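Visitor:
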């Protein structure tokens with residue numbers, strides 16, 4: 001019974017690790033965008049092959065935590081609101097004040113997670129009635145079946161979707177060639193990955209996770225994980241500032257050197 005009252009430290013640590021991996025990934029993209037160095041793009045593209053692993057870790061853990069949350073809907077509204085702030089900054093502020101036009105985010109990870117939390121919170125009475133093992137299996141099948149929806153197909157490519165005339169269904173993963181978003185996580189298929197976490201959260205809620213998951217392994221990773229929202233909101237601003245300062249420093253150095 002004591003384990004039930006303890007925080008599952010491993011969840012914070014894994015979430016912190018996933019956030020740091022994402023920040024490193026974005027760093028190399030920013031190196032290409034701001035410093036105009038091709039190796040930044042090259043490393044970014046290479047890391048794209050493993051990045052979905054960290055996405056899955058982060059989203060599943062968020063789903064588990066939604067099962068442990070006292071008010072998943074309220075937290076979802078906060079996270080979705082943070083996503084709207086990101087949209088405002090990247091779509092309105094950055095192009096007009098900073099001249100950065102290629103970083104627009106319309107439905108990124110925060111929008112997706114916020115929506116998933118709200119949906120899961122509202123559906124919790126139903127989720128609690130479904131056996132966790134069956135729920136995980138069903139969601140895994142649905143995730144696989146909708147994984148390529150953003151590419152215009154379902155059921156592993158067996159069903160081809162018509163190209164829509166508008167991007168109104170963009171949050172669901174349905175859009176046309178005119179849609180662009182620097183960070184994009186559609187509800188399908190990621191809602192099902194989130195729900196896998198929500199079903200696994202039953203074991204966490206009942207204190208059935210292994211005892212070693214309740215122990216602290218890394219204070220630094222746990223700190224990042226507990227403050228993942230703030231790290232996500234602030235990481236690009238910090239990366240932009242550091243790289244921009246570095247770029248200006250190099251320019252000043254060469255100007256002084258040429259005198």
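Numbering (full-length UniProt numbering), first residue to last: 1 to 259. We put the CB at the ideal spot given by N, CA and C, even for glycine. All values reported here derive from a predicted model rather than from experimental measurement.
Here's the rule I'm using: 16 or more other beta-carbon atoms within 10 Å means buried, otherwise exposed. How should residue 49 be labelled?
Guide: Result: exposed.
Visitor: Between which two residues does the alpha helix (DSSP H) harbouring residue 139 extend?
Guide: Unbroken alpha helix (DSSP H) run through residue 139: 132-146.
Visitor: Closest by CA to residue 121, which one among 253, 137, 130 and 72?
Guide: That would be 72, whose Cα lies nearest to the Cα of residue 121.
Visitor: For residue 246, count the other beta carbons within 10 Å of its own beta carbon; 16 or more makes it buried, fewer makes it exposed. Which is it?
Guide: By the 10 Å Cβ count, residue 246 comes out exposed.
Visitor: If I follow the unbroken alpha helix (DSSP H) through residue 15, where does it start and stop?
Guide: Here the alpha helix (DSSP H) through residue 15 covers 9-35.
Visitor: Under the three-state reduction of DSSP, which class applies to residue 223: helix, strand or coil?
Guide: Residue state, collapsed to three classes: helix.
Visitor: Can you list, in chain order, the residues of its chain whose CB lies under 8 Å from that of residue 178, leaving out five sequence neighbours each side?
Guide: The answer, listed in chain order, is 167.
Visitor: Beta carbon of residue 14, beta carbon of residue 57: below 8 Å?
Guide: Yes, the pair counts as a contact, with Cβ atoms nearer than the cut-off.
Visitor: What residues in its chain sit with their C-beta under 7 Å from that of residue 43, if we drop five residues either side in the sequence?
Guide: Closer than 7 Å at the Cβ level, and outside the excluded window around residue 43, lie 28.
Visitor: Using 8 Å as the threshold, is the C-beta distance between residue 231 and residue 109 below it?
Guide: No; because the gap between Cβ atoms is not below 8 Å, this pair is not in contact.
Visitor: Quick check: the Cα distance between residue 241 and residue 138, rounded to an integer number of angstroms?
Guide: The straight-line gap from Cα to Cα measures roughly 44 Å.
Visitor: In angstroms, rounded to a whole number, what distance separates the CA positions of residue 134 and residue 47?
Guide: Using only the alpha carbons, I get a separation of about 33 Å.
Visitor: Could you name the residues of the same chain whose beta carbon sits closer than 6 Å to that of residue 4, not counting the 5 residues immediately before and after it, in chain order?
Guide: Because residue 4 carries a pLDDT of 47, less than 50, the predicted location of this residue cannot be relied on, and no value is offered for it.
Visitor: With a cut-off of 8 Å on the beta carbons, I'd call residue 147 and residue 6 a contact; round off their distance for me.
Guide: Their Cβ separation, rounded to whole angstroms, is 35 Å, which puts residue 147 and residue 6 out of contact at 8 Å.
Visitor: From the DSSP secondary-structure annotation, give me the bridge partner or partners of residue 153.
Guide: 160.
Visitor: With a threshold of 7 Å on Cβ separation, who are the neighbours of residue 22 within its own chain once the five nearest residues in sequence on each side are excluded?
Guide: Answer for residue 22: 54, listed in chain order.
Visitor: Note down the Cα distance separating residue 237 from residue 104, rounded to an integer number of angstroms.
Guide: The straight-line gap from Cα to Cα measures roughly 14 Å.
Visitor: If I follow the unbroken alpha helix (DSSP H) through residue 170, where does it start and stop?
Guide: That residue, residue 170, is in no alpha helix (DSSP H); it is neither H nor E in DSSP.
Visitor: Label residue 200 either buried or exposed according to how many other C-beta atoms from any shown protein chain fall within 10 Å of its C-beta, with 16 as the threshold for buried.
Guide: Under this definition residue 200 is a buried residue.
Visitor: Which residues does DSSP pair with residue 107 in a beta bridge?
Guide: DSSP output for residue 107 lists 184 as bridge partner(s).
Visitor: Mind checking which residues open and close the alpha helix (DSSP H) that includes residue 178?
Guide: Segment: none, residue 178 is in no alpha helix (DSSP H) and carries neither H nor E.
Visitor: Which class does residue 235 belong to by DSSP, given the choice of helix, strand or coil?
Guide: If DSSP states are grouped into helix, strand and coil, residue 235 belongs with the helices.
Visitor: Rounded to the nearest angstrom, what separates residue 136 and residue 195 at their Cα positions?
Guide: Going by the C-alpha atoms only, they are around 8 Å apart.
Visitor: How would you write the range of the alpha helix (DSSP H) that residue 268 sits in, first residue to last?
Guide: Shown here, the chain extends from 1 to 259; a query on residue 268 therefore has no answer.
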